[in-house]
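Heads up: the structure comes next, in C-alpha coordinates.
Numbering (our numbering), first residue to last: 143 to 503.
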(Lines of atoms letter the chains of each structure in order from A and count residues from 1; the text may use other names and numbers.)
(Lines give C-alpha, C1' and ligand atoms only; values in the text may rest on other atoms or scores of the structure.)
Protein backbone atom coordinates (compact mmCIF):
# COMPACT_ATOMS: atom_id res chain seq x y z
CA UNK A 1 0.00 0.00 0.00
CA UNK A 2 1.33 3.46 -0.97
CA UNK A 3 1.83 6.27 1.53
CA UNK A 4 -1.29 8.19 2.47
CA UNK A 5 -1.38 11.98 2.06
CA UNK A 6 -4.20 13.98 3.68
CA UNK A 7 -5.38 17.37 2.43
CA UNK A 8 -7.73 20.06 3.74
CA UNK A 9 -9.99 21.74 1.18
CA UNK A 10 -11.71 25.10 1.64
CA UNK A 11 -15.41 24.80 0.63
CA UNK A 12 -16.81 27.42 -1.76
CA UNK A 13 -20.33 28.72 -2.46
CA UNK A 14 -21.86 26.65 -5.26
CA UNK A 15 -24.43 29.38 -5.90
CA UNK A 16 -21.65 31.22 -7.72
CA UNK A 17 -21.93 28.42 -10.33
CA UNK A 18 -25.72 27.98 -10.17
CA UNK A 19 -26.44 28.07 -13.89
CA UNK A 20 -26.75 25.11 -16.25
CA UNK A 21 -23.40 25.91 -17.86
CA UNK A 22 -21.83 26.60 -14.46
CA UNK A 23 -22.71 23.26 -12.86
CA UNK A 24 -21.81 21.36 -16.04
CA UNK A 25 -18.39 23.01 -16.03
CA UNK A 26 -17.99 22.18 -12.34
CA UNK A 27 -18.93 18.55 -12.92
CA UNK A 28 -16.52 18.30 -15.87
CA UNK A 29 -13.60 19.71 -13.83
CA UNK A 30 -14.26 17.39 -10.89
CA UNK A 31 -14.60 14.39 -13.23
CA UNK A 32 -11.36 15.28 -15.02
CA UNK A 33 -9.46 15.05 -11.73
CA UNK A 34 -11.19 11.78 -10.77
CA UNK A 35 -10.20 10.21 -14.10
CA UNK A 36 -6.55 10.66 -13.13
CA UNK A 37 -6.91 8.49 -10.01
CA UNK A 38 -4.92 5.28 -10.17
CA UNK A 39 -4.85 4.56 -6.43
CA UNK A 40 -7.33 4.62 -3.50
CA UNK A 41 -8.72 7.96 -2.32
CA UNK A 42 -11.26 9.21 0.19
CA UNK A 43 -13.26 12.46 0.41
CA UNK A 44 -14.65 13.52 3.81
CA UNK A 45 -16.81 16.47 4.81
CA UNK A 46 -17.23 17.36 8.49
CA UNK A 47 -20.20 19.51 9.61
CA UNK A 48 -19.62 20.66 13.17
CA UNK A 49 -21.32 23.26 15.42
CA UNK A 50 -19.84 26.76 15.20
CA UNK A 51 -20.52 30.22 16.60
CA UNK A 52 -19.58 33.83 15.95
CA UNK A 53 -17.84 34.01 19.35
CA UNK A 54 -14.42 34.62 17.80
CA UNK A 55 -15.73 37.63 15.86
CA UNK A 56 -17.66 38.95 18.85
CA UNK A 57 -14.63 38.66 21.15
CA UNK A 58 -12.40 40.37 18.58
CA UNK A 59 -14.78 43.34 18.32
CA UNK A 60 -14.99 43.58 22.11
CA UNK A 61 -11.18 43.66 22.46
CA UNK A 62 -10.79 46.19 19.65
CA UNK A 63 -13.47 48.49 21.13
CA UNK A 64 -11.79 48.30 24.52
CA UNK A 65 -8.36 49.14 23.09
CA UNK A 66 -9.33 52.01 20.74
CA UNK A 67 -9.06 55.59 21.96
CA UNK A 68 -11.57 56.90 19.41
CA UNK A 69 -14.97 56.99 21.15
CA UNK A 70 -16.95 57.08 17.88
CA UNK A 71 -15.07 54.05 16.54
CA UNK A 72 -15.59 52.23 19.85
CA UNK A 73 -19.34 52.93 19.67
CA UNK A 74 -19.49 51.68 16.08
CA UNK A 75 -17.60 48.52 17.02
CA UNK A 76 -20.03 47.81 19.86
CA UNK A 77 -22.97 48.25 17.46
CA UNK A 78 -21.33 45.69 15.17
CA UNK A 79 -20.87 43.38 18.14
CA UNK A 80 -24.57 43.60 19.09
CA UNK A 81 -25.49 42.80 15.48
CA UNK A 82 -23.32 39.66 15.48
CA UNK A 83 -24.71 38.64 18.88
CA UNK A 84 -28.23 38.86 17.42
CA UNK A 85 -27.16 36.75 14.42
CA UNK A 86 -25.57 34.19 16.71
CA UNK A 87 -28.59 34.00 19.02
CA UNK A 88 -31.05 33.51 16.15
CA UNK A 89 -29.15 30.73 14.33
CA UNK A 90 -27.43 27.39 14.87
CA UNK A 91 -24.32 27.74 12.74
CA UNK A 92 -22.07 24.99 11.53
CA UNK A 93 -18.54 25.03 10.17
CA UNK A 94 -17.86 22.92 7.09
CA UNK A 95 -14.46 21.40 6.51
CA UNK A 96 -13.60 19.11 3.61
CA UNK A 97 -10.65 16.79 3.17
CA UNK A 98 -9.19 14.40 0.64
CA UNK A 99 -6.90 11.46 1.37
CA UNK A 100 -4.90 9.93 -1.47
CA UNK A 101 -2.79 6.77 -1.20
CA UNK A 102 -0.07 7.64 -3.69
CA UNK A 103 3.68 7.81 -4.27
CA UNK A 104 3.27 11.20 -5.95
CA UNK A 105 4.62 14.37 -4.41
CA UNK A 106 1.94 15.76 -2.03
CA UNK A 107 2.59 19.31 -3.26
CA UNK A 108 1.85 18.19 -6.81
CA UNK A 109 -1.30 16.39 -5.65
CA UNK A 110 -2.52 19.52 -3.83
CA UNK A 111 -1.81 21.63 -6.90
CA UNK A 112 -3.81 19.31 -9.13
CA UNK A 113 -6.78 19.34 -6.78
CA UNK A 114 -6.63 23.11 -6.31
CA UNK A 115 -6.70 23.61 -10.08
CA UNK A 116 -9.58 21.18 -10.62
CA UNK A 117 -11.69 22.23 -7.62
CA UNK A 118 -10.83 25.94 -8.00
CA UNK A 119 -10.37 26.41 -4.25
CA UNK A 120 -7.60 26.30 -1.66
CA UNK A 121 -6.12 22.82 -1.05
CA UNK A 122 -3.29 22.34 1.47
CA UNK A 123 -1.64 19.27 2.91
CA UNK A 124 -2.76 18.92 6.54
CA UNK A 125 -3.84 16.57 9.31
CA UNK A 126 -7.53 15.71 9.40
CA UNK A 127 -9.51 16.55 12.54
CA UNK A 128 -10.64 13.67 14.77
CA UNK A 129 -14.30 12.75 14.48
CA UNK A 130 -14.63 13.07 18.26
CA UNK A 131 -12.49 13.71 21.36
CA UNK A 132 -11.68 11.22 24.09
CA UNK A 133 -12.57 7.55 24.47
CA UNK A 134 -15.87 6.01 23.38
CA UNK A 135 -17.45 2.60 23.90
CA UNK A 136 -20.02 0.59 21.93
CA UNK A 137 -23.50 0.19 23.41
CA UNK A 138 -26.34 -1.89 22.02
CA UNK A 139 -29.45 -0.73 23.87
CA UNK A 140 -31.92 0.43 22.68
CA UNK A 141 -29.90 0.37 19.42
CA UNK A 142 -26.20 0.34 18.49
CA UNK A 143 -24.30 3.56 19.12
CA UNK A 144 -21.05 4.98 20.53
CA UNK A 145 -21.08 6.70 23.94
CA UNK A 146 -18.29 8.68 25.64
CA UNK A 147 -16.38 6.89 28.39
CA UNK A 148 -16.27 8.67 31.75
CA UNK A 149 -17.73 12.13 32.16
CA UNK A 150 -19.40 13.20 28.90
CA UNK A 151 -18.20 16.80 29.24
CA UNK A 152 -20.55 17.89 26.44
CA UNK A 153 -19.40 15.08 24.13
CA UNK A 154 -22.25 13.73 21.97
CA UNK A 155 -23.34 10.19 21.10
CA UNK A 156 -22.40 8.89 17.64
CA UNK A 157 -23.50 6.23 15.19
CA UNK A 158 -22.59 5.35 11.59
CA UNK A 159 -24.60 4.45 8.48
CA UNK A 160 -22.97 2.77 5.46
CA UNK A 161 -24.27 2.54 1.90
CA UNK A 162 -24.91 -0.72 0.06
CA UNK A 163 -26.78 0.26 -3.12
CA UNK A 164 -26.77 3.37 -5.36
CA UNK A 165 -28.91 4.96 -8.03
CA UNK A 166 -26.29 7.56 -9.02
CA UNK A 167 -27.67 8.37 -12.48
CA UNK A 168 -30.37 10.52 -10.82
CA UNK A 169 -27.94 12.64 -8.78
CA UNK A 170 -26.98 16.28 -9.30
CA UNK A 171 -25.04 18.92 -7.36
CA UNK A 172 -28.15 19.86 -5.36
CA UNK A 173 -29.53 16.42 -4.44
CA UNK A 174 -29.22 14.18 -2.48
CA UNK A 175 -26.13 15.19 -0.45
CA UNK A 176 -26.69 18.96 0.02
CA UNK A 177 -30.08 18.44 1.75
CA UNK A 178 -28.21 16.28 4.27
CA UNK A 179 -25.94 19.21 5.04
CA UNK A 180 -28.96 21.48 5.46
CA UNK A 181 -30.40 19.21 8.17
CA UNK A 182 -28.14 21.37 10.35
CA UNK A 183 -26.97 18.88 12.93
CA UNK A 184 -23.43 17.55 13.46
CA UNK A 185 -22.48 14.87 10.97
CA UNK A 186 -19.61 13.72 8.79
CA UNK A 187 -19.85 12.31 5.27
CA UNK A 188 -17.23 9.99 3.76
CA UNK A 189 -16.96 9.06 0.07
CA UNK A 190 -14.53 6.14 -0.01
CA UNK A 191 -12.96 5.24 -3.37
CA UNK A 192 -11.04 2.02 -2.67
CA UNK A 193 -10.48 1.15 -6.33
CA UNK A 194 -10.31 2.80 -9.75
CA UNK A 195 -10.28 0.37 -12.65
CA UNK A 196 -7.95 0.45 -15.61
CA UNK A 197 -10.10 0.95 -18.74
CA UNK A 198 -10.11 -2.64 -20.08
CA UNK A 199 -10.72 -4.05 -16.60
CA UNK A 200 -13.64 -1.63 -16.16
CA UNK A 201 -15.23 -2.81 -19.41
CA UNK A 202 -14.80 -6.47 -18.40
CA UNK A 203 -16.34 -5.78 -14.96
CA UNK A 204 -19.40 -4.01 -16.39
CA UNK A 205 -19.94 -6.63 -19.10
CA UNK A 206 -19.79 -9.30 -16.38
CA UNK A 207 -22.49 -7.45 -14.38
CA UNK A 208 -24.69 -7.11 -17.48
CA UNK A 209 -24.31 -10.81 -18.25
CA UNK A 210 -25.21 -11.79 -14.68
CA UNK A 211 -28.37 -9.65 -14.72
CA UNK A 212 -29.41 -10.95 -18.15
CA UNK A 213 -29.07 -14.55 -16.94
CA UNK A 214 -31.21 -13.61 -13.92
CA UNK A 215 -33.86 -11.93 -16.10
CA UNK A 216 -34.02 -14.82 -18.57
CA UNK A 217 -35.11 -17.18 -15.79
CA UNK A 218 -37.41 -14.67 -14.07
CA UNK A 219 -41.09 -15.01 -14.94
CA UNK A 220 -42.35 -11.77 -13.40
CA UNK A 221 -41.43 -8.11 -13.84
CA UNK A 222 -38.07 -7.06 -12.33
CA UNK A 223 -37.81 -3.37 -13.13
CA UNK A 224 -34.84 -2.90 -10.82
CA UNK A 225 -32.70 -5.44 -12.68
CA UNK A 226 -33.77 -3.97 -16.03
CA UNK A 227 -32.68 -0.54 -14.80
CA UNK A 228 -29.34 -1.94 -13.57
CA UNK A 229 -28.63 -3.33 -17.06
CA UNK A 230 -29.50 0.07 -18.58
CA UNK A 231 -27.22 1.82 -16.06
CA UNK A 232 -24.33 -0.52 -16.89
CA UNK A 233 -24.75 0.05 -20.62
CA UNK A 234 -24.76 3.80 -19.98
CA UNK A 235 -21.60 3.42 -17.88
CA UNK A 236 -19.93 1.53 -20.76
CA UNK A 237 -20.68 4.47 -23.05
CA UNK A 238 -19.18 6.88 -20.52
CA UNK A 239 -16.02 4.76 -20.21
CA UNK A 240 -15.64 4.57 -23.99
CA UNK A 241 -15.93 8.39 -23.97
CA UNK A 242 -13.02 8.69 -21.51
CA UNK A 243 -14.53 8.23 -18.03
CA UNK A 244 -13.01 5.93 -15.41
CA UNK A 245 -14.88 3.36 -13.33
CA UNK A 246 -14.56 3.62 -9.53
CA UNK A 247 -15.80 1.48 -6.67
CA UNK A 248 -17.47 3.78 -4.12
CA UNK A 249 -18.79 3.47 -0.57
CA UNK A 250 -20.66 6.23 1.30
CA UNK A 251 -20.57 6.48 5.10
CA UNK A 252 -22.39 8.98 7.31
CA UNK A 253 -21.54 9.55 10.98
CA UNK A 254 -24.32 11.22 12.97
CA UNK A 255 -24.11 12.89 16.39
CA UNK A 256 -26.69 13.86 19.01
CA UNK A 257 -26.76 14.74 22.70
CA UNK A 258 -29.32 12.06 23.64
CA UNK A 259 -30.56 8.71 22.33
CA UNK A 260 -34.00 9.83 21.21
CA UNK A 261 -32.57 12.68 19.15
CA UNK A 262 -29.94 10.33 17.69
CA UNK A 263 -32.65 7.88 16.63
CA UNK A 264 -34.66 10.71 15.02
CA UNK A 265 -31.61 11.97 13.14
CA UNK A 266 -30.77 8.50 11.84
CA UNK A 267 -34.31 8.16 10.49
CA UNK A 268 -34.16 11.65 8.98
CA UNK A 269 -30.96 10.80 7.08
CA UNK A 270 -32.32 7.46 5.82
CA UNK A 271 -35.58 9.10 4.73
CA UNK A 272 -33.73 11.92 2.95
CA UNK A 273 -31.48 9.59 0.97
CA UNK A 274 -33.47 6.40 0.32
CA UNK A 275 -34.44 7.44 -3.23
CA UNK A 276 -30.76 7.75 -4.17
CA UNK A 277 -28.90 5.19 -2.08
CA UNK A 278 -29.64 2.61 0.60
CA UNK A 279 -28.07 2.81 4.06
CA UNK A 280 -27.58 0.24 6.79
CA UNK A 281 -27.13 1.10 10.46
CA UNK A 282 -23.90 -0.63 11.52
CA UNK A 283 -23.86 -2.80 14.64
CA UNK A 284 -21.28 -4.30 16.98
CA UNK A 285 -17.68 -4.48 15.85
CA UNK A 286 -18.67 -3.22 12.38
CA UNK A 287 -19.76 0.06 13.97
CA UNK A 288 -16.34 0.52 15.60
CA UNK A 289 -14.51 -0.33 12.36
CA UNK A 290 -16.68 2.12 10.38
CA UNK A 291 -15.01 5.02 12.21
CA UNK A 292 -11.98 4.34 9.99
CA UNK A 293 -13.86 5.87 7.04
CA UNK A 294 -13.45 9.27 8.73
CA UNK A 295 -9.70 8.94 9.17
CA UNK A 296 -6.68 8.23 6.99
CA UNK A 297 -7.11 4.48 7.39
CA UNK A 298 -7.07 2.27 4.32
CA UNK A 299 -10.20 0.37 3.30
CA UNK A 300 -8.31 -2.92 3.69
CA UNK A 301 -7.41 -2.02 7.27
CA UNK A 302 -11.04 -1.08 8.04
CA UNK A 303 -11.97 -4.57 6.79
CA UNK A 304 -15.75 -4.19 6.50
CA UNK A 305 -17.76 -6.47 4.18
CA UNK A 306 -17.42 -5.01 0.67
CA UNK A 307 -20.62 -3.19 -0.31
CA UNK A 308 -18.95 -0.65 -2.61
CA UNK A 309 -20.76 0.21 -5.84
CA UNK A 310 -19.42 0.84 -9.39
CA UNK A 311 -19.69 4.51 -10.38
CA UNK A 312 -18.17 6.39 -13.34
CA UNK A 313 -16.20 9.62 -12.87
CA UNK A 314 -19.01 11.85 -14.16
CA UNK A 315 -21.34 10.49 -11.45
CA UNK A 316 -18.70 10.37 -8.73
CA UNK A 317 -18.02 14.07 -9.35
CA UNK A 318 -21.53 14.82 -8.04
CA UNK A 319 -20.68 13.08 -4.76
CA UNK A 320 -18.12 15.83 -4.12
CA UNK A 321 -20.98 18.37 -3.97
CA UNK A 322 -20.34 19.17 -0.25
CA UNK A 323 -17.35 21.20 -1.52
CA UNK A 324 -19.92 23.78 -2.65
CA UNK A 325 -21.51 24.32 0.79
CA UNK A 326 -19.13 26.43 2.82
CA UNK A 327 -21.47 27.31 5.71
CA UNK A 328 -19.59 29.37 8.34
CA UNK A 329 -16.06 29.91 7.07
CA UNK A 330 -13.44 32.06 8.79
CA UNK A 331 -14.66 35.23 10.51
CA UNK A 332 -11.56 37.26 9.63
CA UNK A 333 -12.37 40.46 7.72
CA UNK A 334 -15.61 42.34 7.12
CA UNK A 335 -19.15 41.08 6.48
CA UNK A 336 -19.57 40.97 2.69
CA UNK A 337 -22.75 38.98 2.12
CA UNK A 338 -24.60 35.75 2.80
CA UNK A 339 -24.29 32.14 1.63
CA UNK A 340 -26.19 28.84 1.79
CA UNK A 341 -29.61 30.27 1.03
CA UNK A 342 -28.90 33.50 2.96
CA UNK A 343 -28.44 31.48 6.16
CA UNK A 344 -24.74 32.15 6.75
CA UNK A 345 -22.71 35.39 6.91
CA UNK A 346 -19.67 35.57 4.62
CA UNK A 347 -16.58 37.47 5.77
CA UNK A 348 -13.76 38.62 3.53
CA UNK A 349 -10.35 40.07 4.32
CA UNK A 350 -9.20 42.05 1.27
CA UNK A 351 -5.92 42.98 3.02
CA UNK A 352 -5.01 39.29 3.18
CA UNK A 353 -5.62 39.01 -0.59
CA UNK A 354 -3.41 42.04 -1.22
CA UNK A 355 -0.67 40.52 0.93
CA UNK A 356 -0.80 37.29 -1.07
CA UNK A 357 -0.63 39.24 -4.35
CA UNK A 358 2.40 41.16 -3.13
CA UNK A 359 4.14 37.89 -2.16
CA UNK A 360 3.38 36.26 -5.52
CA UNK A 361 4.53 39.38 -7.34
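Idealized CB from N, CA, C, for every residue including glycine.
For residue i, count neighbouring C-beta atoms within 10 Å of its own C-beta (all shown protein chains included) and say buried if the count is 16 or more, exposed if not.
i, result
"residue 406", "exposed"
"residue 342", "buried"
"residue 262", "exposed"
"residue 234", "buried"
"residue 447", "exposed"
"residue 393", "buried"
"residue 153", "buried"
"residue 354", "exposed"
"residue 424", "buried"
"residue 160", "exposed"
"residue 426", "exposed"
"residue 210", "exposed"
"residue 500", "The pLDDT assigned to residue 500 is 46, lower than 50, so where the model puts this residue is not dependable, and the model offers no usable value."
"residue 213", "exposed"
Considering Cα atoms alone, identify which of the options is closest to residue i.
i, options, result
"residue 328", "355, 261, 350 and 317", "317"
"residue 171", "456, 468 and 491", "456"
"residue 319", "390, 466, 378 and 414", "414"
"residue 399", "449, 169, 294 and 367", "294"
"residue 175", "491, 468, 460 and 201", "460"
"residue 464", "150, 156, 145 and 301", "156"
"residue 339", "185, 379, 357 and 418", "379"
"residue 299", "335, 177, 287 and 292", "287"
"residue 351", "445, 158 and 370", "370"
"residue 146", "246, 236 and 232", "246"
"residue 445", "430, 395 and 149", "430"
"residue 292", "271, 321, 276 and 441", "276"
"residue 218", "334, 466, 203 and 270", "203"
"residue 348", "215, 377 and 213", "377"
"residue 435", "211, 213, 271 and 190", "271"
"residue 403", "193, 214, 194 and 282", "282"
"residue 190", "214, 210 and 273", "273"
"residue 466", "144, 169 and 148", "169"
"residue 420", "313, 302 and 360", "302"
"residue 268", "360, 236 and 401", "236"
"residue 296", "468, 180 and 401", "401"
"residue 314", "162, 144, 475 and 491", "162"
"residue 397", "144, 326 and 432", "326"
Which residues in the same chain have their Cβ closer than 6 Å to the Cβ of residue i, if we skip the five residues on either side of it in sequence?
i, result
"residue 166", "none"
"residue 473", "196, 197 and 489"
"residue 451", "306 and 390"
"residue 184", "241 and 332"
"residue 207", "none"
"residue 187", "238, 329 and 464"
"residue 449", "304"
"residue 266", "150"
"residue 503", "Any reading at residue 503 is ruled out, since the residue's pLDDT is 47, under 50, leaving its predicted position unreliable."
"residue 205", "214, 217 and 218"
Taking the beta strand (DSSP E) that residue i falls in, what are its first and last residues?
i, result
"residue 335", "327-336"
"residue 303", "297-306"
"residue 435", "It is not in any beta strand (DSSP E) - residue 435 carries neither H nor E in the DSSP assignment."
"residue 407", "Taken as a continuous stretch (DSSP letters only), residue 407 belongs to no beta strand (DSSP E), being part of the alpha helix (DSSP H) at 401-415."
"residue 232", "Where residue 232 is concerned, there is no enclosing beta strand (DSSP E), given that its DSSP letter is neither H nor E."
"residue 267", "Where residue 267 is concerned, there is no enclosing beta strand (DSSP E), given that its DSSP letter is neither H nor E."
"residue 396", "387-398"
"residue 288", "285-288"
"residue 150", "146-151"
"residue 490", "486-490"
"residue 279", "276-279"
Closer than 8 Å by C-beta to residue i: which residues in its own chain qualify, once you throw out the five before and the five after it? Chain order, please.
i, result
"residue 198", "221, 224, 225 and 228"
"residue 323", "407, 410, 411 and 414"
"residue 258", "171, 172, 174 and 175"
"residue 164", "158"
"residue 364", "356 and 357"
"residue 254", "175 and 178"
"residue 232", "191 and 324"
Please report the residue range of the alpha helix (DSSP H) in which residue i lies.
i, result
"residue 422", "Looking at the DSSP string, residue 422 is not in any alpha helix (DSSP H); the run it does join, the beta strand (DSSP E), is 419-423."
"residue 441", "441-444"
"residue 457", "455-458"
"residue 249", "248-259"
"residue 462", "Element bounds for residue 462: n/a, residue is neither H nor E."
"residue 563", "Given a span of 143 to 503 for the chain in the structure shown, any question on residue 563 remains unanswerable."
Which residues in the same chain as residue i place their Cβ atom closer than 7 Å to its Cβ, once the five residues preceding and following it in sequence are excluded?
i, result
"residue 256", "262 and 263"
"residue 279", "285 and 287"
"residue 381", "339, 342, 343, 387 and 454"
"residue 367", "353, 356 and 357"
"residue 193", "228 and 233"
"residue 311", "418, 457 and 460"
"residue 437", "268"
"residue 248", "147 and 265"
"residue 144", "181, 243, 244 and 245"
Run through the segment 348-378 for me and flag every whole alpha helix (DSSP H) of 4 or more residues, listed as ranges in chain order. For the segment 348-378, not one full-length alpha helix (DSSP H) segment reaches 4 residues or more.
Pick out the complete alpha helix (DSSP H) segments inside the segment 168-224, 4 residues or longer, and give them in chain order. 195-207
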